[in-house]
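In the numbering used here, the protein residues as written are 9 to 613.
Report on the following structure.
As structure tokens, then:
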């Protein structure tokens, strides 16, 4: 020491050197050999940290969160290495290790639900692979409580948060990819009632849940058992009760959270059984009263047509109840619910209203009995066909678009035709005409030749719609409707004798009047064959078919005659010029072949 230097005072304190940092733990304690794992290092003296090492390799990055915590990202590495922290005071020397795992990082494939309320509390199912030994589930940077269900599934409870965050899973193999989870402002669902509120222990009861906030519902649970369900609207869910026992709380989970619970009781009552519904079809507008038969119906608490409750129902007995169908369409299953559960379904069909577009023929006799074809739509299931106010004698449904019906008797005039089905009524107004049958009072002339061709006049009533004139079974060669009371017709050929002459209209076939086919007269002999030009002598004609003779002609002159019998006529010979003339007989059947008669002049003196 130099003499001029003052020696240090024995009482002056020496400055204390800062202690090096200490590392007490790391979390997680292992990660992927590829690095990239976010590790929390806990200890003391971390303020001013200048390095964090995993073995000899510095962390990819680190942040000194506080004097006692650092968050560091692992570099790539292998095996088990010591984790150290370096500050200006030195490097920690505690033997706290981190293991590089040889397993691969987990893979996250789905979240269910993928949204929930900002308050947290939603149980989220994470699906993927490599979850065994998971050490952390994070919603963004916030860790969640979780349970590893299997290597492919984790159940995690979402912490509170906001916006959309990435959900990750960390295992010894590293940290998974992230999937988006959205914090919503949706309100927590509220469950107000169940219908029915009881069912058999075997499950299977269709239960209607009423309340609010059901949109986007992700789960319906009966106690701890999940139920299959359908969200009908924001205020209604239909769920199928799982098997269970006792009384359990039914809850709904939606993006807004999990609802309050409403009690559902599992009973030992037997499930009701339905055997029939009558009628088994009705209008799409609803309102049809049906009778349900079966067993176990006495305690019925609900009747449904498909998913829709009956408008109303009345329990008649343990085996019978009546219900009013609600509106619907198509074919649905009708079920009954009691404390014992929900019955089997019986089919009920909603029918649409029928329509009629055509009737053929569109007229017929007042006596009825003719078959008409009705064309339209939705005719299947027709229960009645009416002509005006009178039901058809019978009808047959051929297809959804066609029916044949036998017209009843009715008074003359136009009527509506109506078809009735379970779906309603279809009417074609003033579409069918009942027509009076024709009536014949006379025919003139009353007879004619076998060859036909002559014209007759028919008199009567209701003749204007004539469609045929028949002589026995032979149709008139032609006919003309002169008026409602008169027809002229050309007679067809026929055989000798009387036949029925009739007229047919849409109203039917008339009464017959008699028309006689008459053979033409035949003259075989004439005596004498000559006479004076002055006439006055008597001619005797022998032959056949004389009984209806109307004229005897000598030449062209009609003469007086007397029908003695069908084979004899006597006639007065008229005066005329000398020479031969033809003698013929004319009758309804025609004119006979001529016989020659000669007038001879008196001798001169």
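Cβ atoms here follow ideal geometry from the backbone N, Cα and C, with glycine treated the same way.
Since we're looking at a predicted model, the values are computed, not measured.
Within 10 angstroms of the beta-carbon of residue 152 lie 16 or more other beta-carbons, which makes it buried.
Counting only the Cα atoms, residue 472 lies some 15 angstroms from residue 449. Residue pairing by DSSP places residue 119 opposite 134 in a beta bridge. Between the alpha carbons of residue 544 and residue 572 lies a gap of roughly 19 angstroms. In the structure shown, the three-state DSSP call for residue 561 is strand. Inclusion of residue 222 and residue 242 in the CB contact set at 8 angstroms is warranted, their separation being smaller than that value. For residue 470, the secondary structure class from DSSP, reduced to helix, strand or coil, is coil. In the structure shown, the three-state DSSP call for residue 286 is strand. Looking at the backbone, the Cα of residue 323 and that of residue 313 are separated by about 16 angstroms. Around the beta carbon of residue 570, fewer than 16 other beta carbons lie within 10 angstroms, which makes this residue exposed. The straight-line gap separating the alpha-carbon atoms of residue 212 and residue 352 is approximately 10 angstroms. Between the region 474 to 492 and the region 404 to 418 there are fewer than three C-beta pairs closer than 8 angstroms, too few to call the two in contact. At the C-beta level, residue 385 and residue 362 come within 8 angstroms of one another.
Comparing alpha carbon positions, the residue from 97, 326, 54, 422 closest to residue 76 is 54.
Around residue 121, the same chain offers 130, 132, 226, 263 as residues with beta carbons nearer than 7 angstroms, after the five sequence neighbours per side are excluded. Taken through DSSP and simplified to helix, strand or coil, residue 104 comes out as coil.
The distance from the Cβ of residue 204 to that of residue 274 is about 12 angstroms, inconsistent with a contact at the 8 angstroms cut-off.
Just measuring C-alpha positions, the residue of 424, 376, 410, 490 sitting nearest residue 394 is 424.
Your pair residue 279 and residue 349 checks out as a contact, with CB atoms roughly 4 angstroms apart and the cut at 8 angstroms. Of all alpha-carbon atoms in 401, 430, 325, the one lying nearest the alpha-carbon of residue 359 is that of 430. With respect to the 8 angstroms criterion, residue 293 and residue 337 are not classified as neighbours on the basis of their beta carbons. Judged by DSSP in its simplified three-state form, residue 576 adopts strand. Excluding its 5 nearest sequence neighbours in each direction, residue 452 has C-beta neighbours in its own chain below 7 angstroms: 464, 465, listed in chain order.
Given a length threshold of 3 residues, each whole run of the beta strand (DSSP E) inside the region 164 to 197 is given here in chain order: 172 to 179, 187 to 192. Secondary structure of residue 582 (DSSP, three-state): coil. The shortest CA-to-CA distance from residue 92 to any of 49, 73, 269 is the one to 49. The region 85 to 101 makes no contact with the region 143 to 159: fewer than 3 CB pairs, one atom from each, lie closer than 8 angstroms. In this chain, the beta strand (DSSP E) harbouring residue 407 covers 402 to 407.
The Cβ-Cβ distance between residue 547 and residue 594 does not fall below 8 angstroms. Assignment of beta-bridge partners to residue 153 by DSSP yields 165.
With contact defined as three or more Cβ pairs closer than 8 angstroms, the region 520 to 536 and the region 586 to 606 are in contact. If the five residues before and after residue 459 are omitted, its C-beta is found closer than 8 angstroms to the C-beta atoms of 501, 598, all from its own chain and listed in chain order. The distance from the Cβ of residue 117 to that of residue 135 is about 5 angstroms, consistent with a contact at the 8 angstroms cut-off.
Contact annotation: the region 178 to 194 touches the region 31 to 48, with at least three C-beta pairs closer than 8 angstroms. DSSP places residue 351 in no beta strand (DSSP E); its state is neither H nor E. Scanning its chain for C-beta atoms nearer than 8 angstroms, with the 5 sequence neighbours on each side dropped, one finds around residue 320 the residues 331, 332, in chain order.
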